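Novice:
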Amino acid sequence: MKYTSQLTSKLMSSSDAVQMIKSNDWVDYACFLATPITLDKALANRVGEVENVKVRSLGFPGLAAVAKADPEGRSFSYNSWHFTGADRKLHDQKVCNYIPLCYHEGPGYYDKADITTDVMLLRTTPMDSNGYFNFGVSNSFTWAQIRAAKKIIVEVNENMPYCYGGYEERIHISEVDAVVESDNEAMFCLPEPKISDIDEQIAEIVVSRITDGSCLQLGIGAMPNAIGKLIAKSNLRNLGVHTEMLCDSFVDIYEAGCIDNSKKKNDIGKMVYTFALGSKKTYEFLHHNPSCSSYPVNYTNSLEKISANDRAIAINNALEIDLFGQVSSESSGTRHISGTGGQFDYTYGCYHSRGGKALICLSSSVVDKDGTRHSRIRPFLEPGTITTLPRVFVNYVVTEYGIVNLKGKSTWERAQALVSIAHPDFREELTEKAKMMNIQM
C-alpha cells in the first residue's frame, strides 16, 4: 500500500498517544459513534498526572471514562454539546457541564466563537488504499473540530461502517499526527424502544398527514419508531430522506419500497444524514451503500437545504408545551435532559418548505413512579425549564387526542387548540388557568 510507511511511522499505543495532551489543554472528542472509546480510557488513566484538561464531547455512547475517573474534577473537566442518558447521570453528579448548541451552527462555533482545541481525538475506519480514514456513521462537525485542532489523533476500529459522503467525511494520513489501533469493540446499538398504544395512536395521526413524495426527518425515540413502522406498512411512495439522524426506521421504510429519493431537489436519489444511530441493521445497511450520503451538519441542518425540498416533514418529540405554545425538549425544570440539537433547525426549515410541515409530537400526559398523572400541556413551563422552540416557530402539535396548527392563531386561540388535544382530565383546569393568565377569552 502506497501510504503504509506513513501509517507505520505514526502508529503508536493509546497510552503513548495521549501523552500529547498536557495540563490545561482543550480536548475535542468526535461526535456520537466516532467517539474515541480507547483513547478516552487511556486519557482517564492519566488522572492525577495532568490538571485542568477540558474535554468536549457530543452524544457519548456510554459513560465517559475521564468523568468517571475524576469525580472531583481536578484532572478533567467533562463537557457535552448534547446529553445522553449517561451524560444526564454525570450531570446529576456534578461531573458534566452542558454546552448550549443550535446544531447547524456547530461548525461555525469553531470559527466565530474563538474555540480553542489543542488535541482532537476521533474514531474512524481503517485507512483505505488512498490513505484516507473514513468518519463512518458520524460526520457532524468533525472537520470543523479538526481545522481548529493543533494535534489530531485517530483511533481505528474495524467495525466502523465505511460511509460514502457528500464532503468532509474523511481525513488523510498526511493530516494526522498519530494513529492508534483499538480493541475493535462493536458499535454501540440503541436498545429497541418500547412502543406504547399512545405512540401508535400518534403515529396514525402523523402518517395520515404524509403524502407521496414527502421528504422526511425523524427524531429519536419510541414515537418516531412507531411512525417509521407504520410508514413501512403504508402505500406511500417516492419518499425522500433529508435528516440529521439516520436510524432503523429509515432502513425499514427503504426496504419496504417507500423511499427512492426521486422527488428531492437536492441530492436526488440519496438519503442524506449527518450521523447514524440505531441497531446493527442500520450500520450494515450504511456500509459501502451508495444510496446514502453523509454530510457535515451545516449542510444537513441548513435552513436553506431543508426548505429546498418540497413537502419536507419534520417529526420530533417534546417533553412539554405550555399554553403560550412554547416547547421544551431538553430540560425538566433545571434538570438538563438532552439538548436543543436540530429540532429548531428542522422545525423552521420544514415549515418554509413548499408543502412542508413541522410536527411536535408528545403524549398528552405522563404517569410518575407514584402513579400520579401529570399533563404535558401546561399553563406555563415550570420555572427553570429551557424553551427549545419559541412559540412563534411552533407549527403543528400532535397528541393521541389530535393535531392542531398553532400558526396564525391568537394567544387565546392557541390555548384553546392545545386544550382540545390535552388529556381530558386536565382540560377544565387548563381552560381556567388560561383565563386567569389572561390568554383566553
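If you count the sequence shown from 1, you need to add 1 to reach my numbering. Backbone N, C-alpha and C fix where the C-beta goes; we use that ideal spot for every residue, glycine too. Fair warning: this is a prediction, and the values are worked out from it, not measured in the lab.
1. Does the beta-carbon of Arg355 have 16 or more other beta-carbons within 10 angstroms, so that it is buried, or is it exposed?
2. Cβ of Pro62 within 7 Å of Cβ of Phe189?
3. Tell me where the beta strand (DSSP E) around Trp27 begins and ends.
4. Report the rounded CA-to-CA distance for Gln94 versus Phe77, giving the unit in angstroms.
5. Which same chain residues end up closer than 7 Å to Phe84 when comparing Cβ atoms and leaving out the 5 residues on each side of it in sequence?
6. Please state whether DSSP places Lys282 in a helix, a strand or coil.
7. Hey, is Pro225's beta-carbon within less than 7 Å of any beta-carbon in chain B?
8. On the criterion of 16 or more Cβ atoms from any shown chain inside 10 Å, does Asn310 qualify as buried, or is it exposed?
9. In terms of residues, what are the limits of the beta strand (DSSP E) holding Gly403?
10. Measuring alpha carbon to alpha carbon, tell me which of Ser183, Lys434, Thr386, Ser10 ends up nearest Arg124.
11. Would you kindly check if the distance between the Cβ of Leu40 and the Cβ of Ser24 is under 7 Å?
12. Using the beta-carbon count (16 or more within 10 Å), is Met437 buried or exposed?
13. With H, G and I counted as helix, E and B as strand and the rest as coil, what does DSSP make of Gly350?
14. Whose C-alpha, out of Asp71, Tyr133, Trp144, is nearest the C-alpha of Glu107?
15. Could you tell me if Met128 is buried or exposed, where buried requires 16 or more neighbouring beta carbons within 10 angstroms of its beta carbon?
16. Would you call the segment 195–207 and the segment 170–181 touching, i.e. three or more CB-CB distances under 8 Å?
17. Can you tell me where the beta strand (DSSP E) holding Tyr79 begins and where it ends?
18. With DSSP collapsed to three states, give me the class of Pro72.
19. For the 8 Å Cβ check, are there 3 or more pairs between the segment 110–117 and the segment 129–148?
20. Check whether the segment 411–422 touches the segment 342–359, counting contact only when three or more Cβ pairs, one atom from each stretch, lie closer than 8 Å.
21. Which first and last residues belong to the alpha helix (DSSP H) in which Asp200 is found?
22. Quick one, are the C-beta atoms of Val395 and Gly326 less than 7 Å apart?
23. I believe Ile322 touches Leu363 by the beta-carbon criterion, under 8 Å. Please report the beta-carbon distance rounded to the nearest angstrom.
24. For Lys42, I'd like the list of residues in its chain whose CB is within less than 7 Å of its CB, leaving aside the five on either flank, ordered along the chain.
25. Taking Tyr168 as part of the alpha helix (DSSP H), name the residues at either end of that continuous run.
26. For His105, does the count of other Cβ atoms within 10 angstroms reach 16, so buried, or fall short, so exposed?
27. Please look up how many angstroms separate the CB atoms of Phe286 and Val252, rounded, as I've assumed it's under 8 Å.
28. Return helix, strand or coil for Lys358, following the three-state DSSP convention.
Specialist: Per the coordinate set shown:
1. exposed
2. yes
3. 27–30
4. Going from the Cα of Gln94 to the Cα of Phe77 covers about 15 Å.
5. Beyond the five residues adjoining it in sequence on each side, Phe84 comes within less than 7 Å, by CB distance, of His92, Tyr99, His337, Ile338, Ser339, Gly340 in the same chain, given in chain order.
6. Helix, per DSSP.
7. In the structure shown, chain B cannot be found, because there is only a single protein chain.
8. Taking every protein chain shown into account, the CB of Asn310 has 16 or more other CB atoms within 10 angstroms, so this residue is buried.
9. 403–406
10. Ser183
11. no
12. exposed
13. helix
14. Note that residue 107 is Gly in the sequence shown here, rather than Glu. Ranking the options by Cα distance to Gly107, first place goes to Trp144.
15. buried
16. no
17. 77–81
18. coil
19. They touch, by the three-pair rule.
20. no
21. 198–208
22. yes
23. About 7 Å separates the two Cβ atoms, so the contact holds.
24. So the qualifying residues of the chain are Ala66.
25. Looking at the DSSP string, Tyr168 is not in any alpha helix (DSSP H), and its letter there is neither H nor E.
26. With 16 or more other Cβ atoms within 10 Å, it is buried.
27. 5 Å
28. Per DSSP, reduced to three states, the secondary structure at Lys358 is strand.
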